[in-house]
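Asker: Residue numbers (our numbering), protein chains in the order written: chain R, 330 to 597; chain G, 330 to 597; chain D, 96 to 396; chain S, 96 to 396.
Glycine included, C-beta positions come from ideal geometry on N, C-alpha and C.
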Ligand SMILES: Cc1cc2nc3c(=O)[nH]c(=O)nc-3n(C[C@H](O)[C@H](O)[C@H](O)COP(=O)(O)OP(=O)(O)OC[C@H]3O[C@@H](n4cnc5c(N)ncnc54)[C@H](O)[C@@H]3O)c2cc1C
Ligand SMILES: Cc1cc2nc3c(=O)[nH]c(=O)nc-3n(C[C@H](O)[C@H](O)[C@H](O)COP(=O)(O)OP(=O)(O)OC[C@H]3O[C@@H](n4cnc5c(N)ncnc54)[C@H](O)[C@@H]3O)c2cc1C
Ligand SMILES: Cc1cc2nc3c(=O)[nH]c(=O)nc-3n(C[C@H](O)[C@H](O)[C@H](O)COP(=O)(O)O)c2cc1C
Ligand SMILES: Cc1cc2nc3c(=O)[nH]c(=O)nc-3n(C[C@H](O)[C@H](O)[C@H](O)COP(=O)(O)O)c2cc1C
Ligand code: FES
Ligand code: FES
């Protein structure tokens with residue numbers, strides 16, 4: 330019933346191994362997390378704490394890649410506000426407080442034959458570790474506003490990496506869905522895994538449903554606790570049997586949900 | 330009427346040259362302040378800002394010593410709360426934000442013959458630069474709870490340095506007033522300069538008044554602006570002619586006041 | 096070891112540290128991060144007679160030294176609570192406090208009545224939630240309503256009844272006195288202030304509801320002031336809360352007059368916050384040789 | 096360059112940035128740190144009909160993200176103000192707003208009357224100071240008194256009259272409406288919250304007065320909420336304040352409904368805070384191509 334001292338999860342202070350810009354206002358950070366690296370499922374996230382005491386709430390960032398041997402995690406974050414700006418100022422060998430891992434990641438079968446991964450913008454990173462672990466054929470569709478990132482990393486694990494950019498500066502001009510419709514061989518059976526802005530998730534879900542593919546989407550919501558205690562980070566999830574909906578916690582039941590169960594009409 | 334860009338006083342970011350413990354919970358910090366070092370009067374103070382954003386108010390710390398040539402200031406501070414604890418964690422070559430100098434320092438005549446300096450605990454540091462600058466004979470009385478600091482520094486400028494400690498571990502056991510009464514040659518004319526806890530300032534003032542010596546005391550009060558704008562840092566000062574009192578600003582009219590004008594009965 | 100025991104309305108807590116309602120779920124989640132046996136009491140999130148869906152997201156906004164929430168008392172209802180949460184919490188050697196929510200006086204009474212035979216130690220009447228349209232704070236800002244709802248719920252309660260007050264009032268002592276007259280056995284204060292934060296890039300409030308409940312270290316001076324004022328005005332035991340993150344914060348509340356204290360928002364910054372608060376209280380007592388908390392309780396006059 | 100002009104009760108300010116009363120002295124002190132010509136207006140500290148000694152020290156306490164003060168309106172009286180401060184401020188191209196203090200309605204009226212022929216642009220009626228026993232907040236927490244004092248002072252005022260409201264009330268819109276009915280030409284909000292901080296080592300409140308006025312970034316969510324609520328309730332122009340330290344903070348207040356904004360406590364952290372707020376507003380306008388502030392004022396509905 331009661332956990333012992335070493336079984337408790339905890340906030341840990343870890344060393345930053347790397348913290349570099351990989352695109353405009355996008356940073357890659359490697360963290361030395363030790364044994365924790367062994368516990369990660371792709372699609373899970375970590376909580377990063379700011380040093381500035383006026384910023385109390387942790388920042389949730391998805392796990393991008395895991396190096397179990399070295400005991401390291403890679404995350405990729407965009408500078409969007411005060412906290413991520415603070416993170417960008419840190420140097421290697423400094424420390425940062427984190428809780429890891431949190432949430433429920435993507436699910437797949439050990440015999441998986443065909444997977445379609447679709448990421449948009451800062452939704453691209455969490456798909457990398459997934460691409461690495463998935464068995465079978467893996468198609469990857471990545472959308473960016475302009476400057477792509479992590480593309481080479483994906484190419485290490487699959488030959489089928491397709492890029493879309495809003496401004497056409499790289500890959501196909503247009504949305505990732507456009508490319509997906511054009512390029513995917515659309516097998517009989519496949520699973521779709523996606524992460525990105527809500528409108529994209531919604532349109533990919535619609536496409537997947539039409540194709541009859543199971544689809545998993547990773548959602549974002551503003552968080553406080555990250556452990557399921559405050560019921561702050563909810564999204565509307567419907568029961569496919571009863572049609573009833575309830576608010577579920579992105580940090581606990583998610584961030585990865587069955588796309589078909591998500592009710593999209595909430596403002597985002 | 331209007332100042333030009335380079336005439337405005339400002340908050341400046343300066344480099345920490347040294348930051349070391351010199352006694353239990355007492356630190357000495359040297360700051361590279363450039364030309365500002367030339368503007369200092371002994372008894373003035375500076376404002377130090379914390380990095381942690383939840384600590385908004387600056388910490389007032391007296392100027393201990395000035396090196397005009399190198400453009401440096403020395404301050405000595407005790408760890409008493411969260412801000413001073415934060416300062417103690419800084420390393421050389423890091424920076425800190427300050428405003429310097431602030432307030433009105435000690436006053437003396439260019440022909441000064443005999444000066445008596447009396448400091449207690451963290452009231453000792455501001456007397457050092459004064460001891461250095463005063464012409465004529467300078468007697469220095471320093472009181473500590475137990476472990477003295479800065480004593481050697483004073484000895485560089487005068488041979489008449491006397492120590493009292495509460496526990497008798499160094500110098501005479503007892504108060505600095507005891508030593509003063511025993512050791513001072515009590516010339517006909519002298520000026521007294523003092524800084525330390527209020528009860529000490531009060532008893533030294535009483536002694537000086539009995540002897541007929543002019544006395545200057547340096548007061549402390551909790552501050553917000555440090556520039557005279559908020560009227561937060563007041564002490565009760567009476568007009569010796571009219572007997573009327575009013576609250577005066579420690580940061581602007583002080584921190585150094587005529588001891589005879591101070592009304593001591595406020596709680597401290 | 097100093098004596099940390101405190102007594103709230105006849106219920107003895109092994110120490111004064113409780114968790115603030117709504118910030119600690121039903122104990123289960125943070126139970127993975129700390130030993131719940133060490134807490135004086137676990138205060139569970141607001142429980143209503145039927146399941147409540149709560150408010151739309153975003154429900155959380157960060158502010159300078161604090162946060163806003165507009166959870167709106169999402170909860171699965173008292174039946175689920177009795178079935179799942181009480182047995183879970185009873186595994187631990189800690190007291191159980193149930194925060195009860197309602198849209199009408201009748202609903203509050205129903206929850207209290209349903210809990211009468213349940214194995215819980217204290218009831219905390221939440222008439223101060225700023226995030227629900229009906230009930231909640233509407234009851235907590237009018238002294239006549241405070242008195243009335245307290246009196247009615249008290250009739251249906253078997254456990255001692257703590258009334259949780261809203262800080263969004265001109266005179267907190269009026270509300271405290273009204274609760275006392277209504278028969279409260281103790282007071283909890285403060286619930287959240289009412290705040291708002293605007294996303295200037297999206298040109299809309301951060302919270303979907305517009306306004307929300309403001310908590311965290313930022314609000315501590317208001318909370319300490321109110322505990323102090325209420326201590327001077329009534330003789331009921333007070334559970335103090337609002338921004339407590341360290342043992343020193345807790346001592347401030349105790350000196351202001353609190354018998355017990357609750358840690359809320361601080362958990363989000365540090366999952367072990369409540370235990371660290373407890374350690375900090377112990378350190379203070381050691382340092383100043385305070386044998387029991389009674390010696391410093393309400394020492395500020 | 097964007098158009099930053101705003102109009103408060105017929106007085107045109109070159110930009111919306113003012114200084115919060117009591118935090119900026121009479122402009123002289125911070126005039127050594129910045130160009131006062133750049134400010135929309137300087138609001139001077141509270142001025143009474145006779146000199147006030149103010150409260151005993153300590154008057155200042157730091158809190159998490161904020162501070163408490165109990166200055167108690169120490170001021171040398173309106174005569175000294177007219178003699179020394181007006182001529183000083185008139186050297187600058189900025190508007191002068193006088194914050195008027197009183198212990199009775201008569202005293203407020205006397206100050207307004209004495210200022211009728213003085214060269215000042217706006218009066219700000221301070222019925223919300225929590226640090227004085229008489230007058231101050233006692234007037235600001237009862238809508239009938241708000242209306243009455245506003246009406247009386249208005250009779251003696253030549254300049255437009257801004258009424259400064261206290262946040263320590265259950266319903267701020269009631270006070271705003273009362274001021275409107277009483278004839279106010281505008282509203283300032285918020286004055287300080289009432290807070291307390293205890294020195295647990297000395298076992299007494301940090302402030303000699305026990306409680307004090309709570310200001311700074313910590314209180315911003317309460318201030319934004321109140322500006323928003325008042326904007327929905329009355330049609331008077333609002334001067335918004337409470338925790339503003341950046342241009343983004345200022346934009347929040349403007350979107351909530353403020354016509355102008357005032358910077359207070361932020362000066363203590365950064366003497367040039369008000370100018371940096373102004374620069375921040377300009378940057379926001381540039382970035383989002385906002386031609387005039389009217390386009391975003393009260394955009395949150
Ligand atoms: C499960 C999950 C995974 C995420 N993974 C990534 C990732 O891999 N890379 C990445 O760049 N971003 C990711 N995000 C978004 C990221 O958390 C926010 O961009 C970040 O918290 C913004 O912090 P800030 O201090 O810079 O912004 P500010 O706006 O200053 O933050 C203020 C508060 O708002 C919250 N907040 C602001 N924007 C968001 C947002 N879009 N979603 C949730 N909370 C927000 C912050 O957490 C903080 O509490 C993820 C979010 C979630 C919920
Ligand atoms: C003119 C002047 C000169 C000073 N010179 C020195 C010096 O040379 N060396 C030294 O060690 N100390 C000096 N002090 C005292 C020093 O300012 C405080 O010890 C320091 O601000 C405490 O900060 P803190 O964050 O550690 O304490 P906290 O208690 O955490 O500070 C909280 C707030 O209280 C204020 N405060 C706390 N204690 C005092 C105090 N005793 N006096 C004034 N404000 C206080 C702080 O400035 C801050 O705003 C001086 C004070 C004044 C007014
Ligand atoms: C996310 C969240 C949810 C809350 N839910 C409840 C609740 O259900 N019932 C209640 O009485 N108070 C609730 N509160 C208020 C807290 O119990 C507490 O009174 C308040 O947050 C102040 O304490 P703090 O600053 O330590 O968090 C909630 C607070 C937060 C932050
Ligand atoms: C030290 C201090 C003194 C103040 N004096 C006055 C005053 O004389 N008259 C007044 O109306 N408000 C006074 N105030 C309140 C401010 O004008 C302002 O309303 C409040 O501080 C909130 O703004 P801020 O958080 O930006 O400081 C004072 C505030 C402080 C901090
Ligand atoms: S962030 Fe608290 S429940 Fe998800
Ligand atoms: S600290 Fe503001 S007047 Fe001295």
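Check the C-beta distance from residue 355 of chain R over to residue 405 of chain R and give it rounded, since I have them as a contact under 8 Å.
Answerer: About 6 Å separates the two Cβ atoms, so the contact holds.
Asker: Measuring from the CB of residue 555 of chain G, is there a heavy atom of ligand 6 at a distance below 7 Å?
Answerer: It does: the Cβ of residue 555 of chain G is within 7 Å (strictly closer) of some heavy atom of ligand 6.
Asker: Could you check whether residue 427 of chain R and residue 376 of chain R sit closer than 8 Å to each other, using their CB atoms as the reference points?
Answerer: In this structure, residue 427 of chain R lies closer than 8 Å to residue 376 of chain R by Cβ.
Asker: Within the 8 Å Cβ cut-off, does residue 319 of chain S reach chain D?
Answerer: Yes, its Cβ sits closer than 8 Å to a Cβ of chain D.
Asker: Between residue 144 of chain D and residue 202 of chain D, how many whole angstroms is the CB-CB distance? I'm expecting something under 8 Å.
Answerer: Right, the Cβ-Cβ distance comes to about 5 Å (below 8 Å), so this counts as a contact.
Asker: Quick one: Cα of residue 411 of chain R to Cα of residue 449 of chain R, how far?
Answerer: Answer to the nearest angstrom: the Cα atoms are 23 Å apart.
Asker: Would you mind stating whether residue 563 of chain R and residue 550 of chain R have Cβ atoms separated by less than 8 Å?
Answerer: Yes, they are a contact pair.
Asker: Considering only heavy atoms of ligand 6, does any lie closer than 7 Å to the CB of residue 572 of chain G?
Answerer: Residue 572 of chain G Cβ: outside cutoff for every heavy atom of ligand 6.
Asker: List the DSSP bridge partners of residue 594 of chain G.
Answerer: None, per the DSSP bridge assignment.
Asker: Going along chain D, which residues have a C-beta under 7 Å from residue 383 of chain R?
Answerer: Ordered by position in chain D, the residues that pass the 7 Å Cβ test against residue 383 of chain R are 159 and 160.
Asker: Could you please give the first and the last residue of the uninterrupted beta strand (DSSP E) stretch that includes residue 547 of chain R?
Answerer: Note, residue 547 of chain R: beta strand (DSSP E), 544-547.
Asker: Give the DSSP bridge partners of residue 41 of chain S, in chain order.
Answerer: Missing from the structure shown is residue 41 of chain S; chain S here goes from 96 to 396 and no further.
Asker: Under a three-way DSSP split, which group does residue 392 of chain G fall into?
Answerer: If DSSP states are grouped into helix, strand and coil, residue 392 of chain G belongs with coil.
Asker: Which of helix, strand or coil does DSSP assign to residue 455 of chain R?
Answerer: Three-state DSSP puts residue 455 of chain R in a helix.
Asker: Between residue 273 of chain D and residue 282 of chain D, which are expected to be in contact by the criterion C-beta below 8 Å, what is the C-beta distance as a whole number of angstroms?
Answerer: Incorrect: roughly 11 Å between the Cβ atoms, too far for contact.
Asker: What residues from the stretch 298-323 of chain D come within 7 Å of chain S, judged by C-beta to C-beta, listed N to C?
Answerer: So the close ones are 298, 299, 300, 306, 309, 312, 313, 315, 316, 317, 319, 320 and 323.
Asker: Just to confirm the assignment: which complete beta strand (DSSP E) runs, minimum length 3, are found wholly within the stretch 320-353 of chain D?
Answerer: Segments of the beta strand (DSSP E) lying fully in the stretch 320-353 of chain D: 333-336.
Asker: Excluding the 5 residues preceding and the 5 following residue 378 of chain D in the sequence, name in chain order all residues of the same chain whose CB lies nearer than 7 Å to its CB.
Answerer: Excluding sequence neighbours, residue 378 of chain D sits near 342.
Asker: Cβ of residue 301 of chain S versus every heavy atom of ligand 6: is any distance shorter than 7 Å?
Answerer: No, Cβ of residue 301 of chain S sits at least 7 Å from all heavy atoms of ligand 6.
Asker: Should residue 115 of chain D go down as buried or exposed, given a rule of 16 or more other Cβ atoms within 10 Å for buried?
Answerer: Buried: at least 16 other Cβ atoms inside 10 Å.
Asker: Got a sec, what are the start and stop residues for the alpha helix (DSSP H) residue 240 of chain D sits in?
Answerer: Residues 238-251.
Asker: CA-CA distance, residue 368 of chain D and residue 361 of chain D?
Answerer: Roughly 6 Å between the two C-alpha positions.
Asker: Can you give me the C-alpha to C-alpha distance between residue 242 of chain S and residue 174 of chain D, rounded to a whole angstrom?
Answerer: Approximately 51 Å, taken between the alpha carbons.
Asker: Using the Cα positions of residue 215 of chain S and residue 315 of chain S, report the straight-line distance between them to the nearest angstrom.
Answerer: Taking the straight line joining both Cα atoms gives about 29 Å.
Asker: Just checking my contact of residue 432 of chain R with residue 580 of chain R at CB under 8 Å: how many whole Å lie between their CB atoms?
Answerer: 6 Å between Cβ atoms; contact.
Asker: Pick out the complete alpha helix (DSSP H) segments inside the stretch 467-535 of chain R, 4 residues or longer, and give them in chain order.
Answerer: As far as the stretch 467-535 of chain R is concerned, its whole alpha helix (DSSP H) runs of at least 4 residues are 480-484 and 505-512.
Asker: Is any heavy atom in ligand 4 found nearer than 7 Å to the beta carbon of residue 339 of chain S?
Answerer: Yes - ligand 4 has a heavy atom lying nearer than 7 Å to the Cβ of residue 339 of chain S.
Asker: Have a look at S/129, S/127, S/136 and S/322 and flag the residue whose alpha-carbon is nearest the alpha-carbon of residue 101 of chain S.
Answerer: When only C-alpha atoms are compared, the closest one is S/136.
Asker: If residue 491 of chain R sits next to residue 521 of chain R, beta carbons under 8 Å apart, how far is it from one beta carbon to the other, in whole angstroms?
Answerer: Residue 491 of chain R to residue 521 of chain R, Cβ: 14 Å. No contact.
Asker: Can you tell me where the beta strand (DSSP E) holding residue 355 of chain S begins and where it ends?
Answerer: 355-358 is the extent of the beta strand (DSSP E) around residue 355 of chain S.
Asker: Using beta carbons (cut-off 8 Å, strictly below), is residue 293 of chain S in contact with chain D?
Answerer: Interface residue, yes.
Asker: Kindly indicate if chain G contains any beta-carbon less than 8 Å away from that of residue 154 of chain S.
Answerer: By this cut-off, residue 154 of chain S is an interface position.
Asker: Decide if the stretch 152-172 of chain D is in contact with the stretch 542-560 of chain R; the criterion is three or more beta carbon pairs, one per stretch, under 8 Å apart.
Answerer: Counting Cβ pairs under 8 Å, three or more are found: they touch.
Asker: Does at least one heavy atom of ligand 3 sit under 7 Å from the Cβ of residue 336 of chain D?
Answerer: Because some heavy atom of ligand 3 lies under 7 Å away, the Cβ of residue 336 of chain D counts as near it: yes.
Asker: How would the residue list near ligand 2 read, in chain order, if you kept each one whose beta-carbon is closer than 5 Å to any heavy atom?
Answerer: Chain-ordered list of matching residues: G/374, G/386, G/388, G/389, G/390, G/391, G/406, G/407, G/409, G/410, G/411, G/412, G/413, G/451, G/454, G/549, G/551, G/584 and S/157.
Asker: Check whether the Cβ atoms of residue 248 of chain S and residue 256 of chain S lie closer than 8 Å to each other.
Answerer: Yes, they are a contact pair.
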